[in-house]
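These protein sequence lines are chains V and H, in that order.
Quick note: the first sequence, position 281, residue 980 per the working numbering, numbers continuous.
Quick note: the second sequence, position 174, residue 179 per the working numbering, numbers continuous.
Built from N, CA and C at the ideal position, the CB exists for glycine as well.
Given the structure is predicted, the values throughout are model-derived calculations rather than measurements.
What follows is a short report on a single structure.
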Amino acid sequence: MTSDAAIEASGLRKSYGKVVALDGVDLRAPAGTVLGLLGPNGAGKTTAVRILATLLGADGGSARVAGLDVDADAGALRAKIGLAGQYAAVDENLTGAENLQLVGRLYHLPRGEPRARSAELLERFGLSDAADRLVRTYSGGMRRRLDLAAALVSRPPVLFLDEPTTGLDPRSRIDLWETIEDRVSKGTTVLLTTQYLDEADRLADRIAVIDHGRLLAEGSSDELKDRFGGERLDLTLEDRGQADAATAALQPIVSGPPSDLPSGALCFPVERRQGTIAAAVRRLDEAGIGIDDVAMHRPTLDDVFLGLTGRAASEAEDGGPPAAGDDRA
Amino acid sequence: MSGLRDSLSDTLVLARRSLMRIQRAPDLLVSFTVQPIMFVLLFVYVFGGAISTPGYDYVDFLIPGIVVQTMAFGGFVTALGLSEDLKKGLVDRFRSLPMSRAAVLAGRTFADIATNTVSLAIMIVVGLIAGFSFGAPALDVIAGIGLMLLFGYAFSWVFAFVGLVSSSPESSQAFGFIVIFPLTFISSAFVPVDSMPAVLRAFAEVNPFTITVDAMRALWLGTPAGNNVWQAALWAIGIATVFAALSVNRYKRAVIR
């Protein structure tokens, strides 16, 4: 194992009874970079974070974080990591300032430091005005920012963010992204799990796509798009019932079966961009199939995801999080 | 690692947090204050006339019993709080911090001692107003107070375990009422054991609640103590030790639901 990796895991395995959550996953994040862990719900993302953050023991494999073994050196490692989860883990019956001071004291910061650090973080996260209000009066976005602030109290060199923007409104997401980018520019290493492709695209230096506990691909966003994306032909039919006929008609010019886009369009992988639209229109016209819309698109992470997992990251279809109203307080 | 000092400091930091919660959301305060008053008054004035306790006024017979029952339940705040912390992910945060593995639990049970002291004081005052009188030397009365705080502390650990294993704050509360409530009634707390049917009486006589209630009557009323006081203290220490070990072990593996 090389020493410049802040996070390094090999062959991680974990099962809950008969359910295999992780089935031999390798991960690596050099110091000062963001590794995005991308996958649908239940892919094993949270399990991976919990193992790396010392909350859960792995059944097999090994992992080092900040140079320390997650199992053997768990106690020492906890002083070097910060964790912010999809649940905003803050105490509702304390004020924002009291929450951060509590965490500072539990990190055993020197006397006076918890208070100073709390004020500094509240200021940076735009929560100074709410510092002395009970957290139960905070909005979802404010709680999430406080949760992230709590993870930063001890200036940890490694940060684990488990779906940090799930359930947030677009404005709060962008604020949170900027904060994360700021930490990374100062040398923090981040492991970020997300279901949102745009989030991974924007923040992550490297992206690991996992599903059913297995690593499907790993690389930079551009590498993944080149390798797994390919050009796409999006086709909207006048009559959706003619999908099979259209697939048959286009078979000679496309390179694989279509997948369904959330909009109802069919999305075909194709080899070449040049002339594909003209050829497709001609063939469908000859087959007597009416076209409502046809377009080429360059690969996105969505296509990578679709190609690798066989399903759309539908939660991210509009590039934004689902409306609030999930069960998280 | 300066282990012990850090553990102690972590415990105090978290005990303070638990007590602040009561101040911030005073709904829980009702169960420490109003509920004990209500129970004393209901038993003394509603049941009191119908229950015969040869040799004693019912209020004298009742106060040690009802104090034991109230102390046994004082720890339910620990179950409620832990179960909430688990659900909200706070336990995950605490477990990711470089802090003592026992502090989250010890902090909560420690805070219960403070609230139990408040309930105990209220019950003694209400009892005295309702006609209770101590019939034992001051040192014994103080020993009784000490025994009650120890007994309450032991049950805080029982509730800590309940809070960690139950799936919701509601179910942890239900456990208290379904398991512990009957145990306190099938004892010498409210009626003389002789008045029960044979099967119940056999159980009541070995019930640690009976031993503890009898110990309290010895310390507060001056009844013959036998081995009750020592046995009650040993039961409390035993319960605290076993459930502290079970709870800490469970906490280390606690997972969010």
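Continuous alpha helix (DSSP H) stretch holding residue i: start and end
i                : result
D921 of chain V  : 920-923
T120 of chain H  : 108-134
G79 of chain H   : 63-79
E880 of chain V  : 869-884
E862 of chain V  : Segment: none, E862 of chain V is in no alpha helix (DSSP H) and carries neither H nor E.
P187 of chain H  : 186-190
T746 of chain V  : 744-751
V1003 of chain V : 1000-1008
Sequence-distant residues of the same chain with beta carbon closer than 8 Å to residue i, five excluded per side
i               : result
V908 of chain V : L737, G738, L914, L915, A916, E917, L923, V1003, F1004, L1007, T1008
M153 of chain H : V72, V73, M76, N121, L125, M221
K779 of chain V : V764, A765, L767, P855, P856, V857
G886 of chain V : A730, G731, P856
R901 of chain V : W876
A209 of chain H : I191, S192, S193, V198, M201, T215
Beta-carbon proximity of residue i to residue j, cut-off 8 Å
i               : j               : result
R658 of chain V : Q800 of chain V : A query on residue 658 of chain V cannot be resolved here, the shown segment of chain V reaching from 700 to 1028 and no further.
F164 of chain H : F52 of chain H  : no
A84 of chain H  : G181 of chain H : yes
T732 of chain V : T975 of chain V : no
P174 of chain H : S57 of chain H  : no
V852 of chain V : R842 of chain V : no
L188 of chain H : A241 of chain H : no
D910 of chain V : A994 of chain V : no
K92 of chain H  : A788 of chain V : no
V980 of chain V : R931 of chain V : no
T935 of chain V : D992 of chain V : yes
G840 of chain V : D881 of chain V : no
D15 of chain H  : L782 of chain V : no
Q941 of chain V : I879 of chain V : no
Chain-order list of residues whose beta-carbon lies under 7 Å from that of residue i (same chain, five-residue window excluded)
i               : result
Y256 of chain H : R106, V109, L110, L169
P957 of chain V : T946, L965, C966, F967
M6 of chain H   : Per-residue confidence for M6 of chain H stands at a pLDDT of 48, beneath the threshold of 50, marking its modelled position as unreliable; no derived number is given.
M700 of chain V : Summary for M700 of chain V: the model assigns pLDDT 45, below 50, so the residue's position carries little reliability; its value from the coordinates is reported in the next sentence. Cβ within range, chain order: E707, R763.
I750 of chain V : L711, K713, A757, A762, V769
L978 of chain V : The identity of residue 978 of chain V in the sequence shown is Ala, whereas the question assumes Leu. I952, listed in sequence order.
Cβ-based neighbour list, residue i, same chain, cut-off 6 Å, excluding 5 preceding and 5 following
i                : result
G227 of chain H  : G140, A141
G735 of chain V  : L891, A899, A903, I906
A207 of chain H  : none
S177 of chain H  : A84, S88, V167, G168, S171
A1028 of chain V : The predicted position of A1028 of chain V is uncertain, since its pLDDT is 32 and thus under 50; no value can be drawn from it.
G912 of chain V  : V719, A720, L721, D722, G743
E791 of chain V  : V834, R835
Whole-Å CB distance - residue i paired with residue j, under 8 Å assumed
i               : j               : result
P728 of chain V : I706 of chain V : It is worth fixing the name first, because residue 728 of chain V is Ala in this sequence and not Pro. The pair is a contact, with the Cβ atoms about 4 Å apart (cut-off 8 Å).
V45 of chain H  : A135 of chain H : 6 Å
R712 of chain V : A757 of chain V : 6 Å
D97 of chain H  : L754 of chain V : 6 Å
Residue interval of the beta strand (DSSP E) (run including residue i)
i               : result
R712 of chain V : 704-715
R763 of chain V : 759-764
V993 of chain V : 990-996
A947 of chain V : Where A947 of chain V is concerned, there is no enclosing beta strand (DSSP E), although the alpha helix (DSSP H) it sits in stretches over 942-949.
Near the ligand NAP: residue i beta-carbon under 7 Å from a heavy atom
i               : result
L875 of chain V : Absence of the ligand NAP from the depicted structure is noted, as is the absence of any ligand whatsoever, leaving it without description.
Proximal residues of chain A, C-beta to C-beta of residue i below 8 Å
i               : result
L102 of chain H : Going by chain labels, chain A is absent from the structure shown, which instead holds the protein chains V and H.
Given 8 Å, three or more beta-carbon pairs between the segment 823-836 of chain V and the segment 127-145 of chain H: no
Given 8 Å, three or more beta-carbon pairs between the segment 101-119 of chain H and the segment 192-204 of chain H: no
Below 8 Å, can you find three or more Cβ-Cβ pairs linking the segment 743-761 of chain V to the segment 716-729 of chain V? The segment 743-761 of chain V vs the segment 716-729 of chain V: in contact.
Sufficient close CB pairs (3 or more, under 8 Å) joining the segment 860-869 of chain V to the segment 950-966 of chain V: Short answer: they don't touch.
For the segment 149-162 of chain H and the segment 62-79 of chain H, state whether three or more C-beta atom pairs, one from each stretch, are separated by less than 8 Å. At 8 Å Cβ cutoff, the stretches touch.
Quick check: the segment 29-49 of chain H against the segment 94-104 of chain H, are at least 3 beta-carbon pairs closer than 8 Å? no
Three or more beta-carbon pairs under 8 Å between the segment 846-853 of chain V and the segment 788-795 of chain V, yes or no? yes
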